[in-house]
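Okay, so here's the structure we're looking at.
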Amino acid sequence: MSAERSTAPQGQIAALRAIAPARSANVFEETIECLLQIIRLGVIPPGDRFPPERELAEQFGVSRATLREAISELQAAGWVSVRRGRGGGTFVTKSRANIGPGGVVPAGTKRTDDSPGRGFSPEAVDDTLLWRKVIEIGIAEVAAAQDLTAAQRGQLTAALEASRDSDMSSYRRLDSQLHLTWAQMTGSPSLVRSMVESRTRANKLLERIPMIEPNLVHSHEQHLHIHEAILAGDPEAARVAMAEHLDGTAALLRGFLASPQ
34 MSAERSTAPQ GQIAALRAIA PARSANVFEE TIECLLQIIR LGVIPPGDRF PPERELAEQF
94 GVSRATLREA ISELQAAGWV SVRRGRGGGT FVTKSRANIG PGGVVPAGTK RTDDSPGRGF
154 SPEAVDDTLL WRKVIEIGIA EVAAAQDLTA AQRGQLTAAL EASRDSDMSS YRRLDSQLHL
214 TWAQMTGSPS LVRSMVESRT RANKLLERIP MIEPNLVHSH EQHLHIHEAI LAGDPEAARV
274 AMAEHLDGTA ALLRGFLASP Q
């Protein structure tokens with residue numbers, strides 16, 4: 034982003050501060066969500082430039098490295114363009130009028146009426162995220178309260194390592210298997226069925242947004258925290274770790290799948 038001084042109106046600067054991400058463990062995902070909100074709300078109109086990197090990072094309360102990563106992913110998905118040199122900076126490339134109900138189409142994909150992401154209302158997204166939060170946080174807590182056998186501990190570790198070592202083509206499948214393995218540790222067939230439904234509903238949303246490498250790395254770290262809490266027999270730590278993990282994913286989904294205003 035350009036290092037020149039900002040000429041943004043004071044009202045625009047106040048709006049940027051109001052939309053700034055909360056300070057949490059999911060700052061990268063929430064930064065993407067906030068940038069998308071700024072674009073959708075028209076705070077930065079199509080063709081206009083975001084404030085300089087240093088200023089925007091300060092307003093958001095995030096590091097410049099985090100801001101650059103978030104902007105890089107939005108650039109790859111076609112939401113912004115980055116121009117170098119004199120008069121350069123980060124510019125909004127899409128208007129609210131031409132963003133479909135599903136949000137973004139992966140870079141290089143031409144939007145059609147049946148493009149990924151269409152047909153999800155904000156209420157439907159929120160309903161799925163609430164369902165997932167209630168079910169999966171509870172499952173993590175129950176799993177951590179179990180007296181696991183050596184075989185079960187090995188099964189957990191194998192599922193974690195498979196997810197960690199996955200590539201882009203296998204990540205969704207192995208991520209789902211890891212979550213299902215956590216559910217199996219509860220010993221409850223009903224909770225396993227609930228996890229299956231949770232993952233099925235979540236994956237219908239997840240497959241309609243770009244896979245973002247920093248988010249996958251962050252997810253692996255959060256998976257490890259959940260794994261360690263379950264193995265340690267610490268239900269409260271498992272709850273907290275799962276909640277942070279789900280909140281990060283929710284921030285991305287709400288950002289990319291929100292309907293235009």
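For the sequence shown, the positions run 34 to 294 when our numbering is used. We put the beta carbon where it would ideally sit given N, CA and C, even for glycine.
Does the separation of the CB atoms of N248 and S209 fall below 9 Å? no
Indicate whether E240 and H212 have their beta-carbon atoms separated by less than 9 Å. no
Exposed unless 16 or more other CB atoms sit within 10 angstroms - verdict on T40: Note that T40 scores a pLDDT of 47, beneath 50, so its modelled location is shaky; the value from the coordinates is reported in the next line. T40 is exposed by the Cβ-count criterion.
DSSP three-state label for V115, please. strand
Quick one: what does DSSP say V76 is sitting in, helix, strand or coil? coil
Do you know whose CA, among P243, V115, R116 and L257, lies nearest M275's CA? L257
Taking 9 Å as the cut-off, decide whether the C-beta atoms of H253 and S203 are in contact. no
Among A109, D81 and R73, whose alpha-carbon lies nearest the alpha-carbon of P243? A109
Simplified DSSP state of G121, which is helix, strand or coil: coil
Using a Cβ-Cβ cutoff of less than 8 Å, which residues in the same chain neighbour R234 once the five nearest sequence positions on both sides are dropped? T161, W164 and R165
Just mark Q43 as buried or exposed, buried being the case when its beta carbon has 16 or more other beta carbons within 10 Å. Its pLDDT being 47, under 50, Q43 is placed unreliably in this model, and the coordinates cannot settle the point.
Checking 9 Å against the spacing of the C-beta atoms, do A177 and D81 come in under that value? no
Rounded to whole angstroms, what is the Cα-Cα separation between L285 and I65? 7 Å
Please report the straight-line C-alpha distance between W215 and R116, rounded to a whole angstrom. 45 Å
Beta strand (DSSP E) runs contained entirely in the region 82 to 109, provided each spans 3 or more residues: none
Measure the Cβ-Cβ separation of H251 and F93 and say whether it is below 9 Å. no
With a threshold of 7 Å on Cβ separation, who are the neighbours of A265 within its own chain once the five nearest residues in sequence on each side are excluded? none
Where does S154 land, buried or exposed, given buried means 16+ other C-beta within 10 angstroms? exposed
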